[in-house]
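Those letters in the sequence shown? Residues 3 to 289, by our numbering.
A quick write-up on the structure given underneath.
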Amino acid sequence: MTRRNLFPTVAAFALFASAAFACPAFAAPIHVFGSSSQYGTIESETGAYTNIGRLTDSFNGASIPLSGFAFGADNNLYGVTGIDGSGANGEGNYLWRFNPDTGVSTDRRDLPIPLVTIARRPSDGRLFGYTADADTGNAAVYSFDTTTFAPTFVGTTDVITTGALTFDNSSRLYLADSFNGNVYRVDTGNAQTQLFSETGVANITGAAVVGNTLELFSTDGRTRFRVEADGSFSPAGTYDIGGGDPGDLIFGAAIAPFAVIPEAGSGVLLLGAVSLGWWTTRRVRRS
């Protein structure tokens, strides 16, 4: 069945922020990818981009247009393909594993459902995925077994978006709406949402936790915004991933497993896109 494009035709970008909450002055590079599948890192403080390579299929050398990616608990890089409008439809619903030093895939497995984004829960390594369908107006959250990757339906949600799904170190799940700028907390027991912040930022396409800060990425002017624990926000500069199509825009992020979003009055938040966690190897034979 043909589904209407819910997602922009610009292929997804993903980031990974690996900065410890205990050391807010430390800002590790954020891993990103662009619409032409170039892959590299961005310094969160300056926005400077360093190219690593391209996300490619080791089987045939083709570029892989992901809808999102993240680092797993094993320090490998993971990405998902298959969502309408992500540019990844021809790839099918897959979970890919990559060598983070090169961007070349090392394995691939089937996904039972198309996912917009995926996040790893730090407390047990379980994956949670978010999917949305513009035709039906339905969106849902699933959890996945850490060994078999078998999905379990968690519940439906009324938030339908390109989405930025991420956990903090306390295993609280957040979903950023790229259409209206709202950030929600998501109950991992039933997928019910609670409004956390109304940023008003247009065209949010990514969110990542860097240290104790939640940083939102917008395609409007390639801008970044930092969200405080009380929900207020301020500009954090611009970004330019370079090394590829001039139109490349950041489109996702993953929270570091050890990053913590503090409670109101205790610090600053930084928003980005999806996170992904645990992988159990199962080689998929490809024709």
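Glycine included, each C-beta is placed from N, C-alpha and C at the ideal position.
Just so we're clear, the structure is a prediction, and the values are computed from it rather than from any experiment.
Just measuring C-alpha positions, the residue of S37, A64, S107 sitting nearest N78 is S107. Distance from the CA of F227 to the CA of T201, rounded to the nearest whole angstrom, comes to 9 Å. The C-alpha of G139 is placed about 30 Å away from the C-alpha of G74.
Counting only the Cα atoms, D76 lies some 20 Å from A152. Ranking A141, T43, P124 by CA distance to the CA of L117 puts A141 first. Cα atoms of R187 and E47: separation of roughly 26 Å, rounded to the nearest angstrom. Pairing L57 with Y96, the inter-Cα distance amounts to about 14 Å. A distance below 7 Å between beta-carbons, with the five flanking residues on each side excluded, links P114 to the following residues of its chain, in chain order: P153.
By the 16-neighbour rule on beta-carbons within 10 angstroms, G36 is buried. Burial check for P237: the Cβ neighbour count within 10 Å stays below 16, so the residue is exposed. Bounds of the beta strand (DSSP E) holding A141 are 140–146.
For A238, the uninterrupted beta strand (DSSP E) run begins and ends at 235–240, by DSSP. Following the DSSP letters along the chain, one finds V34 inside the beta strand (DSSP E) bounded by residues 32–35. Excluding five sequence positions before and after V161, the CB atoms of its chain that fall closer than 7 Å to its own CB belong to A141, L177, D179, Y186, T195, given in chain order. Sequence-distant Cβ neighbours of G81 in its own chain, meaning closer than 6 Å and more than five residues away, are L68, F71, W98. Contact between G131 and I120 holds: CB atoms are separated by about 4 Å, below the 8 Å threshold. Annotation for P153: the continuous beta strand (DSSP E) segment containing it runs 153–159. Put simply, of A231, R224, G84 the residue whose alpha carbon is nearest the alpha carbon of T215 is A231. For R224, there is no enclosing beta strand (DSSP E), as DSSP marks it with neither H nor E. Assigned with DSSP and collapsed to three states, R128 falls in coil, not helix or strand. F219: member of the beta strand (DSSP E) spanning 215–220, first to last residue. Straight across, the Cα-Cα distance linking A209 with I32 is about 11 Å. With contacts defined as CB atoms closer than 8 Å, D242 and G49 qualify as a contacting pair. In this structure, DSSP gives L68 a state outside helix and strand, which the three-state scheme calls coil. As a beta-bridge residue in DSSP terms, A166 pairs with A178.
For R123, there is no enclosing beta strand (DSSP E), since its DSSP letter is neither H nor E. For the set T148, G84, T159, the Cα lying nearest the Cα of L197 is the one of T159.
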